[in-house]
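Trainee: In the order they appear, the protein sequences are chains A and B. Count the first sequence with numbering that gives the first Met the number 0 and you get residues 0 to 962, in order. Count the second sequence with numbering that gives the first Met the number 0 and you get residues 0 to 296, in order. We treat Cβ as the ideally placed atom computed from N, Cα and C, and that holds for glycine.
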Amino acid sequence: MASVQWHSRGRKYESEWQGCHLEGSAVEFSDYHPLKAITVTDSKSRRGGRKGSTSSTSSSSSSVALDPLSSMLDGTDPLSLFAAASETPTLPHSISAGELGRKRQEKEEEVGLDFEPWSSKRGEILSRFTTTEKLSINLFMGSDKSKASSPSSAVSEKVRTRLEELDDLEEGSQRELLNLSQQEYVNRIEELNQSLKEAWGSDQKVKALKIVIQCSKLLSDTSVIQFYPSKFVLITDILDTFGGLVYDRILTMCADPHPLPESFSADEVNDTAKETCLNWFFKIASIRELVPRLYVEAALLKCNRFLAKCGIQETLQRLTAMIRGIGDPLVAVYARAYLCRVGMEVAPHLKDSLNKNFFDLLASFRQIHGESVQNQLGLQRVEIPIYLTLYSPAIHWILQCVAYRAPEVLLTEMMDRCKKLGNNALLLNSVMWAFRAEFVATRATDFIGMIKDCDEAGFPKHLLFASLGRSLSCADPPESERLSILNEAWKVITKVRGPRDYINCAEIWVEFTCRHFTKREVNTVLADIIKHMTPDRAFEDAYPQLQSVINKILPYFHDFSVLFSMEKFLPFLDMFQKDSVRVEVCKSIMEVFIRHQQEATRDPVILNALLHICKTMHDSVNALTLDDEKRSLALLINGFIRMVSFGRDFEQQLSFCVEARATFCNLEPVIIHLIHTVNQLAMETRRVMKGNHSRKTAAFVRACAAYSFITIPSLTSIFSRLNLYLLSGQVALANQCLSQADAFLKAAVSILPEVPRTISIEGKQRSSEPFFLEFINNFLSTLLVVPDHPEQGVLYLVRGLLNMVQDYTWEDNSDAKVRVYISALPLLAAMSQESYLYTIPKVDSNETLYGGDPKFIAEINKLCETLIGQVLDHLKTLGRDEGVRRQCGLAFSLFGCLLAHGDLRNNKLNQLAVNLWNLSHKHGFCETRTSVRTLEYIKHQAQLADMSHLSDITTRLSLQSRA
Amino acid sequence: MSVSLDIRLKRANKVYHEGERLSGVLVISTRDALQHQGVSLSLEGLVNLQLSSKSVGVFEAFYNSVKPIQLVSSNMEVVKPGKVPAGRTEIPFEFPLQAKGSKVLYETYHGVFVNIQYTLRCDMRRPLLAKDLSKSCEFMLHCQPQKPKLPPSPVEFSITPETLQNVKERTSLPKFLIKGHLDATSCAITRPLTGELVVERSEVAIKSIELQLVRVETCGCAEGYARDATEIQNIQIAEGDVCHGLSIPIYMVFPRLFTCPTLETTNFKVEFEVNIVIVLHDDHLITENFPLKLVRV
């Protein structure tokens, strides 16, 4: 094809605008834009490219205070929900049937959700009672039967073998596992649990029972006494499993012919099931040793339902009495705890046996200080205070069961009984722990009195105060007593010697202090903690507690000026010297700040403190920091920056940004945010000055521009840089800083060749092309209003851009370059108009600079011709096989462009347009609907004045169907 | 060809009384049709007596005379010779439980020297070249409820070093006082043995307190007899140094099969005793014996 001559169509934007309005057509012309090709003819990729175009005055802020994702996940993300679920009994996580039993009872609303379930205590006990000493498991499991049969041959063989197997537990092969570490021990027990299930599954009921008996026998062994509570937890798990298996099996035996209702009575159970059940009980009744017999029978407590109505009640009472036979007080108290636990699960309405258990416990309480215990402790070298704490979980549990929905009178009676006993600190502790917090809170003063009376050598006092503090943090004591309670308690706490004990206790009381007192008291408490924790760097071992102190304070002090005016708060933060913890704490502070700070602030106290905190977070970033971590840190810091406002003192704000840039140089999102902030500052200045800058403000906005200009190059992300250059250029232009704007745009053009062909988005390599096109289109629309530099040639920015585009190494087989060329045509057409579609107030665009000089127009036309030439060349190369579809699309785009912006009265252009139409329809890849609509549009246009020439074009454009 | 023969009694617990009818079904499952020469059922109740090895030497002459005593025996043909069809065949049956002559049906009891056992046996005779099939099944016999002769009365006990017999050196004994009671020594066999025990004081720590159930079996007649006491079971009721002054429950379930109502006949006797065994930490063993009378009520 011969070279074409370009003639831009003359546009009268005003009248077109009017015309559109008169028409009231469906097409939205309100955002009409010279670079926007007529959308009906647009191909997909270009339409995509349009979206980014903005007017020159906007400055968008990139990040918001709390991103919707993190706010949605606030504390209840599915994972943590799941984790939480495993702790609550309402969800079927644990396989133990005891759990199932409890669930069922809950339905009957006998044990409500307010009853802290055993499953939540489990983990706590396991993690608290550990040992480094070597453990041993003693199993007397009978090996396979090979013993000579007894003298009499008349006994039924089956019965005899069973009995002998039971006997065998005492006489059979002894398996002793010595020198196990704690973890090995736990694994062993888990193995036993597994083999129990296996044995049961393969119908070896006797073996299963043997395993259970052997396991419960371990509970009468109190060597390595510190581990006993954990051992109890592990072994009762096995017992629960066993109880569940037996119960379920008997239940399925009853299922014939139809399953039993939930609340069946013994009469509905068939004989076979009853017989099986009786067999179990007879077997258990013949277990020789007391402790295993007790535990196994307790595990099967629920099965009494099959036999008699009041079986459970009778058995509970009997077992309660049976525990009296256990001499070792620790073993006895845990047996009681298990019985209470099973009792609560199976028959929570039977309070009597619970109470009886407690009273029996009181009656045998003196055993704890008995001689044999002392001997044992001496042997194992365990201190009395440590020994006493071993009782806590069990007594807590018993009391919790007793106190659950118990009338006030009963609680008072229990307390009086405890009071009467000597050395009752242990009980007192459990009372405070297990009784309703309100009950304890109203008697807080009494409790303090009692605690003071306790024996120094016995149960550690700080634990008593910790329990009291725990109750007081959930329930409020009478108002008049609060201060004296705090004083009394703190008097003791502050004297606690070990920093570990001290912080455990103090941490709990912080909650109470924050709840009822002002910053003065909290400050005092913090000071005291600092005083205790600083010597010997004791804080190093207490980070979790210190962190929890901060977390307790934060919810009560939403006003950060108050928080930071606490003298000791920042020194307190200084105790966090381990980086990871320190950052955690900073993050939690910042989160609270962002969530609760309503208004922007300029309070120097807050700013200094938070800047310090943010700097801490920022400084934790290193090469190994994960991206997610960086993002969340950046989010928090951005949140802080957004909350800083110096009002009309723009210079102060700018200098804050300068400082922030220096401080947060490693976090790119923060730097980007700062640039946006500064751009916004410039626009704000413009708004205040209503567009007329004074000398001073002009200097200021130039300073802002300078800030952006020197900051942008430090970013690594190429598209951030490009977009920010463009944006800052637009801002500079809006503020009449022509040379700065020029510099920005030039900088943008100059880094275009650096754009890589692929970029990584969310860890995946993607082609950068769409982003690149989007940016260029955006850039082109800005270029309309940028006046030419007096010292450079005509349209040097446009030329520069196009040169860059030409030299850029595009992907093979890509039409991107040509698309850029086609996009540039509307710009050039718009530039050749007498008055431009949009201008910037107080900035003279090329329209005024050149005033429609023919030389300028000719220059533009020449450029257009070159571009069209390039496009046509490209179309030719696409003539072959696969290129046809692309050729059609491109030809149609160019046609659209000519139609909208070219002067089609010119014959050559006219002919070119027709050729392009035909080319695009040649292979039938054109969307017929688009073609039809385009034709309609042309016909419509042809009716307008000055457009009659279009009518003969329509005659030459024919629709070609694909066939 | 696989055949199985099974006896299913109607009662799940297999417990019957004299005068009742023992009923159930015979289940024959076979894959193919089966030729046989008759299926019969037999019921037998036996008392087996045996002498302990230590008695054998003394009563050797006597030994030979100890032969099983038959209490009940009956036989019947259930199916005439013929064919059993393939699949599962159920044949109901019924036996009256009547003692032979003037004999009484004693309660089922599995002991060491005395065994009382009732079995039901099924035989299927088959033609040459095929093994006869048989299956036997034990069932329990409980005797009729007896009227307790005496109303149950608690038996108090108090154990101190002074009350002990068979002590070699009374002076070396530590001081202790253990009191308690059994609710009754004439016990219903279906109910547990109950009572209470209180360690009032003890110089030496207690290691364990146990209940030992003992059977006393006597075989013989006027010419001579053998009497042997053996342990049935041992149940620990206290472990370790129990709290002084606090009552500890005594509780023991009588095991089935191994206990029966106290029995006294011309040829043999079965009696029961319980021992309260207290083991002290210095390994002193203190035993207090109580003869029991077991009855079925």
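#1: So with Cβ pairs under 8 Å, would you call B:ALA183 a contact of chain A?
#2: Would you kindly report the start and end of the unbroken alpha helix (DSSP H) that includes A:PRO603?
#3: Flag this pair as yes or no: are the beta carbons of B:GLU137 and B:GLN116 separated by less than 8 Å?
#4: Return no unless some Cβ of chain A is closer than 8 Å to the Cβ of B:ALA32.
#5: Could you tell me whether the Cβ atoms of A:ASP843 and A:PRO789 are closer together than 8 Å?
#6: Decide if A:ILE711 is buried, meaning its Cβ has at least 16 other Cβ atoms within 10 Å, or exposed.
#7: Kindly say whether B:ARG226, judged by its beta-carbon, lies nearer than 8 Å to any beta-carbon of chain A.
#8: Within this structure, are the beta carbons of A:SER194 and A:ILE212 separated by less than 8 Å?
#9: Should A:VAL687 go down as buried or exposed, given a rule of 16 or more other Cβ atoms within 10 Å for buried?
#10: Would you say A:LEU289 lies against chain B (beta-carbon separation less than 8 Å)?
#11: Grouping DSSP H, G and I as helix and E and B as strand, with all else coil, what is B:PRO144?
#12: Listing by chain order, which chain B residues have their CB less than 8 Å from the CB of A:PHE281?
#13: How is A:LEU353 classed by DSSP in three states: helix, strand or coil?
#14: What does A:GLN366 touch in chain B if you count any residue whose Cβ is under 7 Å from its own?
#15: For B:VAL296, collect the residues of the same chain with a Cβ closer than 6 Å to its Cβ; drop the 5 residues on either side in sequence, then sort them by chain order.
#16: With distances taken between CB atoms, is the gap from A:ILE839 to A:LEU732 smaller than 8 Å?
#17: Closest Cβ-Cβ distance between A:ILE325 and chain B: below 8 Å?
#18: Would you please state the rounded distance, in angstroms, between the beta carbons of A:LEU238 and A:TRP199? I believe it to be under 8 Å.
#19: Between the stretch 298-332 of chain A and chain B, which residues of the former have CB atoms less than 9 Å from a CB of the latter, in chain order?
#20: Please report the distance separating the alpha-carbon of A:PHE833 from that of A:SER727.
#21: Please identify the residue among B:LEU291, B:VAL269, B:ARG20 and B:PRO126 whose C-alpha is closest to the C-alpha of B:GLN34.
#22: Please tell me whether A:MET589 and A:ILE612 are closer than 8 Å, where the distance is taken between their beta carbons.
#23: Checking 8 Å against the spacing of the C-beta atoms, do A:ARG978 and A:HIS948 come in under that value?
#24: Measure the CB-CB distance between B:CYS259 and B:TYR15 and report whether it falls below 8 Å.
#25: Which residues in the same chain as A:LEU217 place their Cβ atom closer than 8 Å to its Cβ, once the five residues preceding and following it in sequence are excluded?
#26: So A:SER560 and A:ILE605 are supposed to be a Cβ contact under 8 Å. How far apart are they, rounded?
#27: Mapping the DSSP letters down to three states, classify B:PHE253 as helix, strand or coil.
#28: Taking all protein chains shown into account, decide if A:LEU967 is buried (16 or more other Cβ within 10 angstroms of its Cβ) or exposed.
#29: Give the C-beta separation of A:GLY799 and A:VAL870 to the nearest angstrom, bearing in mind that I take them to be a contact with Cβ-Cβ under 8 Å.
#30: At a Cβ threshold of 8 Å, is B:GLY239 touching chain A?
#31: By alpha-carbon positions, which one of B:MET251, B:THR193, B:ARG10 and B:VAL71 ends up nearest to B:GLU106?
#32: Using the rule of at least 16 other Cβ atoms within 10 Å of the residue's Cβ for burial, across every protein chain shown, is B:GLY23 buried or exposed?
#33: If you check the beta carbons only, do A:SER371 and B:ALA237 fall under 8 Å apart?
#34: Round the Cβ separation of A:ASN909 and A:ILE952 to the nearest angstrom and send it over; I've been treating them as touching at under 8 Å.
#35: So B:VAL273 packs on B:LEU291, CB below 8 Å; how close in whole Å?
#36: Considering only the beta carbon of each residue, do B:VAL269 and B:GLU216 sit closer than 8 Å?
Mentor: In this structure, then:
#1: To locate residue 183 of chain B, count along the second sequence from 1; it is residue 184. Answer no: the Cβ-Cβ gap between B:ALA183 and chain A never drops below 8 Å.
#2: Taking the first sequence and counting its residues from 1, the one referred to as residue 603 of chain A is at position 604. Residues 603-618.
#3: Residue numbering aside, residue 137 of chain B sits at position 138 when the second sequence is read from its first letter. Residue numbering aside, residue 116 of chain B sits at position 117 when the second sequence is read from its first letter. One thing to note: B:GLU137 has its Cβ within 8 Å of the Cβ of B:GLN116.
#4: The residue given as residue 32 of chain B occupies position 33 in the second sequence. No, B:ALA32 does not count as interfacial toward chain A.
#5: Locating residue 843 of chain A in the first sequence gives position 844, counting from the first residue. Locating residue 789 of chain A in the first sequence gives position 790, counting from the first residue. No, these two residues do not count as a Cβ contact at 8 Å.
#6: Locating residue 711 of chain A in the first sequence gives position 712, where the first residue counts as 1. Result: buried.
#7: On the second sequence, position 227 is the one that residue 226 of chain B refers to. B:ARG226 does not count as touching chain A.
#8: To locate residue 194 of chain A, count along the first sequence from 1; it is residue 195. To locate residue 212 of chain A, count along the first sequence from 1; it is residue 213. No, the Cβ-Cβ distance between A:SER194 and A:ILE212 is not below 8 Å.
#9: Numbered from 1 along the first sequence, position 688 holds the residue referred to as residue 687 of chain A. By the neighbour-count rule (16 or more Cβ atoms within 10 Å), A:VAL687 is not buried but exposed.
#10: On the first sequence, position 290 is the one that residue 289 of chain A refers to. So, interface residue.
#11: Here the question's residue 144 of chain B lines up with position 145 in the second sequence. Coil.
#12: Within the first sequence, the letter at position 282 stands for residue 281 of chain A. VAL252, PRO254 and ARG255, listed in chain order.
#13: The count along the first sequence starts at 1 and reaches residue 353 of chain A at position 354. In the structure shown, A:LEU353 sits in a helix (DSSP, three-state: H, G or I).
#14: Residue mapping note: residue 366 of chain A aligns to position 367 of the first sequence, counting from 1. Chain order gives the chain B residues near A:GLN366 as CYS242, where near means a beta carbon separation below 7 Å.
#15: Within the second sequence, numbered from 1, the residue matching residue 296 of chain B stands at position 297. So the qualifying residues of the chain are PRO144 and ALA187.
#16: Taking the first residue of the first sequence as 1, we reach residue 839 of chain A at position 840. Taking the first residue of the first sequence as 1, we reach residue 732 of chain A at position 733. Cβ distance < 8 Å, so A:ILE839 and A:LEU732 count as in contact.
#17: Locating residue 325 of chain A in the first sequence gives position 326, counting from the first residue. Chain B contact via Cβ: present.
#18: Taking the first sequence and counting its residues from 1, one reaches residue 238 of chain A at position 239. Taking the first sequence and counting its residues from 1, one reaches residue 199 of chain A at position 200. Not quite, the Cβ-Cβ distance comes to about 13 Å (not below 8 Å), so this is no contact.
#19: Cβ contacts with chain B come from ARG317, ALA320, MET321, ARG323, GLY324, ILE325, GLY326, ASP327, PRO328, VAL330 and ALA331.
#20: Start at 1 with the first residue of the first sequence, and residue 833 of chain A comes out as number 834. Start at 1 with the first residue of the first sequence, and residue 727 of chain A comes out as number 728. Correcting the residue identity first, residue 833 of chain A is Glu in this sequence and not Phe. Near 28 Å, if we compare the C-alpha coordinates of A:SER727 and A:GLU833.
#21: If you number the second sequence from 1, residue 34 of chain B lands on position 35. Of B:LEU291, B:VAL269, B:ARG20 and B:PRO126, the residue nearest in Cα terms is B:PRO126.
#22: Stepping through the first sequence from its first residue, residue 589 of chain A is reached at position 590. Stepping through the first sequence from its first residue, residue 612 of chain A is reached at position 613. Judged by their CB atoms, A:MET589 and A:ILE612 are nearer to each other than the 8 Å cut-off.
#23: Examination of residue 978 of chain A is not possible in this model, given that chain A is present from 0 through 962 alone.
#24: In the second sequence, residue 259 of chain B corresponds to position 260, counting from 1. In the second sequence, residue 15 of chain B corresponds to position 16, counting from 1. No, Cβ-Cβ distance for B:CYS259 and B:TYR15 is not below 8 Å.
#25: As a working mapping, residue 217 of chain A is identified with position 218 in the first sequence. Apart from the 5 residues on each side of it in sequence, A:LEU217 sits with its Cβ closer than 8 Å to the Cβ of ILE136, ASN137, LYS230 and ILE234 in its chain, given in chain order.
#26: The count along the first sequence starts at 1 and reaches residue 560 of chain A at position 561. The count along the first sequence starts at 1 and reaches residue 605 of chain A at position 606. Contact between A:SER560 and A:ILE605 holds: their C-beta atoms lie close to 6 Å from each other, under 8 Å.
#27: To locate residue 253 of chain B, count along the second sequence from 1; it is residue 254. Looking at B:PHE253 - three-state DSSP - the assignment turns out to be coil, as it is neither helix nor strand.
#28: With chain A represented from 0 up to 962, any question about residue 967 of chain A goes unanswered, as that position is not in the structure.
#29: In the first sequence, the residue the question calls residue 799 of chain A occupies position 800. In the first sequence, the residue the question calls residue 870 of chain A occupies position 871. In fact, because the Cβ distance is near 20 Å, the residues do not count as touching under 8 Å.
#30: Translated into the one-based positions of the second sequence, residue 239 of chain B becomes position 240. Closer than 8 Å: yes.
#31: Here residue 106 of chain B refers to the residue found at position 107 of the second sequence. Nearest of B:MET251, B:THR193, B:ARG10 and B:VAL71 to B:GLU106, Cα basis: B:VAL71.
#32: By 1-based counting over the second sequence, the position of residue 23 of chain B is 24. For B:GLY23, the number of other beta carbons within 10 angstroms of its own is at least 16, and it is reported as buried.
#33: By 1-based counting over the first sequence, the position of residue 371 of chain A is 372. By 1-based counting over the second sequence, the position of residue 237 of chain B is 238. The answer is no: Cβ separation not under 8 Å.
#34: What you label residue 909 of chain A is simply residue 910 of the first sequence in a count that begins at 1. What you label residue 952 of chain A is simply residue 953 of the first sequence in a count that begins at 1. The C-beta separation of A:ASN909 from A:ILE952 comes to about 7 Å, placing the pair in contact by the 8 Å criterion.
#35: Position 274 of the second sequence, counting from 1, holds the residue named residue 273 of chain B. Position 292 of the second sequence, counting from 1, holds the residue named residue 291 of chain B. About 6 Å separates the Cβ atoms of B:VAL273 and B:LEU291, confirming a contact at the 8 Å cut-off.
#36: Counting from one through the second sequence, the residue named residue 269 of chain B turns up at place 270. Counting from one through the second sequence, the residue named residue 216 of chain B turns up at place 217. Yes; because the gap between Cβ atoms is below 8 Å, this pair is in contact.
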